[in-house]
Every structure is written in structure tokens, then in C-alpha cells.
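A short worksheet on the structure shown next.
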Amino acid sequence: MTLVSCLVVTLIVWTISLIRSVRLRAVVYSLPIPMTLVLLATPTVVDGAQLLGVVALNLFFVVVAVAHHRFGWPILVADAVGVATYVALGASIAAVAPWPLAPTLVAVVLGWIAVNAVLARRPGDDAPARPDLRPAAVKLAIAFGGSVLTIALGGVLHGLVVTFPYAGVLVAVESRADLPQFCRHFAYSCLGMIAFVATFAVAQTSSRAAALALAWAAYAVCAGLLLVLRAAGARVARRRP
18 MTLVSCLVVT
28 LIVWTISLIR
38 SVRLRAVVYS
48 LPIPMTLVLL
58 ATPTVVDGAQ
68 LLGVVALNLF
78 FVVVAVAHHR
88 FGWPILVADA
98 VGVATYVALG
108 ASIAAVAPWP
118 LAPTLVAVVL
128 GWIAVNAVLA
138 RRPGDDAPAR
148 PDLRPAAVKL
158 AIAFGGSVLT
168 IALGGVLHGL
178 VVTFPYAGVL
188 VAVESRADLP
198 QFCRHFAYSC
208 LGMIAFVATF
218 AVAQTSSRAA
228 ALALAWAAYA
238 VCAGLLLVLR
248 AAGARVARRR
258 P
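The sequence shown lines up with residues 18 to 258 when you count with the numbering used here.
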């Protein structure tokens, strides 16, 4: 990964820090931009392991949220524990590789359905994210420095480098006050990432550029479907007495 990658990750973190809606933050974070950069910069072969990497990415945010909000740990300590958890899971997943795509995809999608069915029964808090009052220059410097460190760390994960939380490490810090809500919305939005990974895995034997184009198309279709489902759910909720 190059300086351009660091700048892109910095831009993602900066953009997310400007968004007040926690739900929209999760949607923007689910854009597979870092994945695309990794797949362009490395010859990584994608299989079911990267689908499990999306699961590990969700667990990263859950661990940080629990450590910070439930146990009261400082956000940087909680972030470090989240990264360590992802690295441990990534090493375990890589040790069993290769993972067959079809059965792993079925298991991950069924898990996504189950998790979101449970979350749908629990009321969520959609209050706007609390503003960060630090000067813009300070936030940019922290985001860029953090992106350099996380990209360096992500490089040791081999195949799981594709789903490493490059921007997520910093997004967790930026969204620390709203992490439980962020986890909830990201668990819903990440289906687009699952579609992206699965499509690329199927199409990668042809042109890598064509596989990425198809993967982005799959992500867009999936994201649109999620938007329609959310809107339909909101209409049903409004009609209830």
C-alpha cells in the first residue's frame, strides 16, 4: 500500500467525521474503497476467508464498543484490543485457508439475517452523532498518522489484509460516543461488502479490473436493496398504532 492509500484512508475518515447521521456514517464506511485499493495493489486471491473477514470487521467494532462503553476503557485502549481481536481472528482464519466460497457465503448470509432479525426487535437510537470540536488540522493530522500505522499493520495479515479495518481503527475513535449505534447500522450495511467480496471471488479468474467493476455493481445493487427494505420497514413502523 502506498502514500495514495494513506491519503484515501485519511479522506474516508475525514468525510465520516463530518457526517452527523450515525446511520449514514455506517453506510459510507461500508463502501469497499479500501478493499478495492488492496485488490489493485496486491495479487491477493479472494475466497471464503475474506467473507469471514467481513464478519471479523464487525466483531472489531463490537469489541471496541463493549470495551469502551461497557467496561469504560479509554478509546485508544479499546481500539487496540479491537485490532488485536481482528488480527487473532485473521490469523486463525488464514491458518485454515482456503475456505470454500459457496458454503462460507451461505453461512455468512444466514448469520447476517439472524443478527439483523435480532437487532430489528430491539429499539435503536438514531440521534445525530455528537460533534467533534477538535480543530480541523488536528483531526487531519491524527487521521493521516493513524492511516500510516494501520496500513503498515494490515500488511502482515496476508489474505485478510483485504478486510482489515484501515479506516475503521480511526472511525472507531471518531465515533466513540456513538459506537453502539454505529455497530448496529454497520451490521446492516455490511451486506453490500459481502456481495462485493463474493462477486469479486467469482469473477477474479478473468480480468482483475472487470472483476472489480462487477463487484462494485453487486455492491450498488445490494446497497439499493437495503435502502428499499429499510424504507419499507420504516413505513410499516409508522402505520402501527
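Every residue gets a Cβ at the ideal spot worked out from N, C-alpha and C, and that includes glycine. For clarity, every value in this text was computed on a predicted model and none was experimentally measured.
Item                                                                                                                        : Value
CB of residue 196 within 8 Å of CB of residue 216, strictly                                                                 : no
Residue of 139, 25 and 129 minimising C-alpha distance to residue 71                                                        : 129
The alpha helix (DSSP H) enclosing residue 36, as first and last residue numbers                                            : Careful: residue 36 lies outside any alpha helix (DSSP H) and carries neither H nor E.
Distance between residue 218 and residue 83 (C-alpha atoms, nearest Å)                                                      : 33 Å
CB contact flag (residue 221, residue 228, <8 Å)                                                                            : yes
Exposure of residue 60, with buried meaning 16 or more beta-carbon neighbours within 10 Å                                   : exposed
Best match in 248, 135 and 74 for proximity to residue 177 [C-alpha to C-alpha]                                             : 74
Neighbourhood of residue 90 by C-beta distance below 8 Å, restricted to the same chain and skipping five residues each side : 84 and 98
Inter-residue Cα distance where the pair is residue 126 and residue 93                                                      : 31 Å
The segment 24-33 / the segment 44-53 touching (three or more Cβ pairs under 8 Å)                                           : yes
Nearest candidate by alpha-carbon position, reference residue 137, set 52, 210 and 198                                      : 198
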